[in-house]
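This report concerns only the one structure given below.
There are 2 protein chains.
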Amino acid sequence: MSENHSAQVGRFHLVSRGKGHTLESQPMRAPYGLEIIESCLTCPHREDRLFCNLSPASVQRLANITSASSYPKGATLFVEGQDGRGVFILCAGRVKLYTTSIDGKTLIARLSEPGEVLGLPSTVTGMPYELTAEVVEPSQANFVSANDFLNFLRENGEVALRVAQQLGQTYHTALAEMRTIGLSHSAEEKMARFVLDMTANQKEEKGVVKAKLTLTHEEIAQMIGTSRETVTRVLSSFRKKNLVIVKGSTLTLKDKAGLERLTQS
Amino acid sequence: MSENHSAQVGRFHLVSRGKGHTLESQPMRAPYGLEIIESCLTCPHREDRLFCNLSPASVQRLANITSASSYPKGATLFVEGQDGRGVFILCAGRVKLYTTSIDGKTLIARLSEPGEVLGLPSTVTGMPYELTAEVVEPSQANFVSANDFLNFLRENGEVALRVAQQLGQTYHTALAEMRTIGLSHSAEEKMARFVLDMTANQKEEKGVVKAKLTLTHEEIAQMIGTSRETVTRVLSSFRKKNLVIVKGSTLTLKDKAGLERLTQS
DNA sequence: CCGACTTTGTGATTCAGATCACATTCATGT
DNA sequence: ACATGAATGTGATCTGAATCACAAAGTCGG
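Chains as they are written, first to last, in the numbering used here: chain Y, 1 to 265; chain R, 1001 to 1265.
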């Protein structure tokens, strides 16, 4: 029943890449600048999110069906339309989840942070993946095959509930994005919302809130539903108005109130 | 622990209304033209969706914590921002779930059909309702308080899994709408998507697919993120192009392929 | 059958932002 | 340090659809 998918999965991921340099034939290796975290048990994030407070037995059981892998930037964990093979528990790195239209336009649904579980909705419902998951920062993830995962859930009511909560969270996030895309009057408003979102979860230091902009303008455009040029323009208008300071990939929030005002216009 | 919320809840719902006629002081009554379905056990939809295949004991347990009510058109089941009081299992009627921006713009996230469970994400995660639920057709629903529901889930692993599946489904739907709103180039495209969505679940008779348009143009606009006038115009352009026939509130699909072509433009 | 409101239909106007077309600056690998 | 491709910055143009402003149909209660 529980064939170990890990190797096959690992290879597969490294095959499909976005654009640019080709990686097809390269062997898997540790992502640049990251030491490998061996077992999922030592993964710093696993415990405190989806699978916290599990009995040691359950943890062991989970460890058995889990297989860790590393993925380089550009790797694809799964592709929209493909049927759900299982879930990926993201331990380190960052993954972009998006959908594409026939003509190539892309809409980024969300960015996943360590601790999140990818492919959960599809795995649980048995439907095909509704999004494509592409690694934007070298990442490590634990894979659990759909079969194993579902069995684990069935044996483990508390975890099922926890999974439901995660899904609720995810839904919440999706709605938030729908709101920015659907209810905004202007690109400025969307951008303001985006910046506030990005900085919302950041801890401030010395009274200043900063955020790393992992995304290109192109990608920001794909998140808020505008064009790349508009992102560039709006962002520089924000700088002129002293709402934010952009230095390299670091964005510093200067006038939160000002941005919030734009949000409500 | 399990105080019965039903009466309080019932009264509350009837209080807040959208617009128009005032119902505040009126006593609760059966929705026009619907006989009341007494117990949730006889509710025709309950069994086959979320809570199918339960042991008789579980069904009984569920029946105990459930309270049925009827809601007239315009009633509000819950309001965005309010913290989750519990779930509503929709037995009959139709409910509109939407979010509103400060300036009054509305985005309809989805229309709920009988058998669906409303308020699930919030109840499970313990976060406030992220949407407002307004009855558009006289409805009947079974309410289960958050406490009771969560306890029920904890005692009942299989149901928790089922809940997770529902949530996955809901997420899926949300993504579908995000796609139409975010990836479309034109209002025509959005409208084509919308019409196809509406007719997708309908059974065809005599080789023709029809769908009841419960929504006003205004509401359609709020679903696909355009203006009312644009909906009117696009819809009549569809009629001119013989893609659909609209007669009263009945929409007949005439040229599915044609609409699909618009979808991919 | 008659007002009164809600919904739909249409024209005229206007403008935000998509798109195109480059110039410039930044990374990166060798 | 150079070269090459990616990412950003900026102007010019053009159009889809929002908005405004009514007219025409429907709908419903009394």
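For every residue, glycine included, the Cβ atom is placed at its ideal position computed from N, Cα and C. What you are looking at is a predicted structure, and each value in this text was computed from that prediction instead of being measured.
Simplified DSSP state of residue i, which is helix, strand or coil
i, result
"R:S1249", "coil"
"R:R1085", "coil"
"R:S1069", "strand"
"R:S1058", "helix"
"Y:G20", "Residue placement at Y:G20 is poorly supported in this model, since its pLDDT is 32, which falls under 50; the coordinates are not used for a value here."
"R:S1025", "Because the pLDDT at R:S1025 is just 31, under 50, the model does not fix this residue reliably, and the point stays unresolved."
Sheet register partners of residue i (DSSP bridge)
i, result
"R:F1078", "R:A1133"
"Y:T226", "BP columns for Y:T226 are empty, so no partner."
"Y:R261", "DSSP lists no partner for Y:R261."
"Y:R94", "Y:E137"
"R:T1099", "R:L1107"
"Y:V234", "Bridge partners of Y:V234: none, in fact."
"R:V1244", "R:L1253"
Contact list for residue i against chain R, beta-carbon separation under 7 Å
i, result
"Y:K256", "Chain R residues near Y:K256: none, gap ~17 Å exceeds 7 Å."
Contact list for residue i against chain Y, beta-carbon separation under 9 Å
i, result
"R:E1177", "M178, G182"
"R:Q1169", "P121, T125, M127"
Cutoff 9 Å: residue i Cβ touching any chain R Cβ
i, result
"Y:L267", "With chain Y running from 1 to 265 in the structure shown, residue 267 of chain Y is simply not present."
"Y:E24", "For Y:E24, the pLDDT reaches just 31, beneath the cut-off of 50, and the residue's location in the model is therefore unreliable, although a value from the coordinates is still provided. Chain R, which has no Cβ nearer than 9 Å to the Cβ of Y:E24, makes this no."
"Y:V131", "It should be pointed out that residue 131 of chain Y corresponds to Leu in this sequence rather than to Val. Interface residue, yes."
"Y:E158", "yes"
"Y:G225", "yes"
"Y:T99", "yes"
"Y:G18", "Any reading at Y:G18 must be qualified, since the residue scores a pLDDT of 32, below 50, and its modelled position is unreliable; no value is offered."
"Y:R261", "no"
Within-9 Å CB hit, residue i to chain Y
i, result
"R:V1124", "yes"
"R:Q1165", "yes"
"R:R962", "The structure shown does not extend to residue 962 of chain R, since chain R is modelled only from 1001 to 1265, so the question has no answer here."
"R:H1172", "yes"
"R:L1161", "yes"
"R:L1150", "yes"
"R:M1001", "Confidence at R:M1001 is low in this model, with a pLDDT of 41, below 50, so its placement is unreliable and the value that follows should be read with caution. It does not: the Cβ of R:M1001 has no partner Cβ on chain Y nearer than 9 Å."
Contact set between residue i and chain Y, taken where Cβ atoms lie within less than 7 Å
i, result
"R:I1102", "Q264"
Interface residues of chain R facing residue i [CB-CB closer than 8 Å]
i, result
"Y:L107", "M1178, R1179, G1182, L1183"
beta-carbon residue i near the ligand MG non-hydrogen atom, thresh 8 Å
i, result
"R:V1087", "Because no ligand of any kind appears in the structure shown, any question about the ligand MG cannot be addressed here."
Worksheet item: Residue ranges of each beta strand (DSSP E) run of no fewer than 3 residues wholly in the stretch 102-164 of chain Y, ordered along the chain?
Response: 106-112, 132-145
Fill in: Unbroken stretches of the beta strand (DSSP E), 3 residues or longer, contained in the stretch 164-218 of chain Y
209-212
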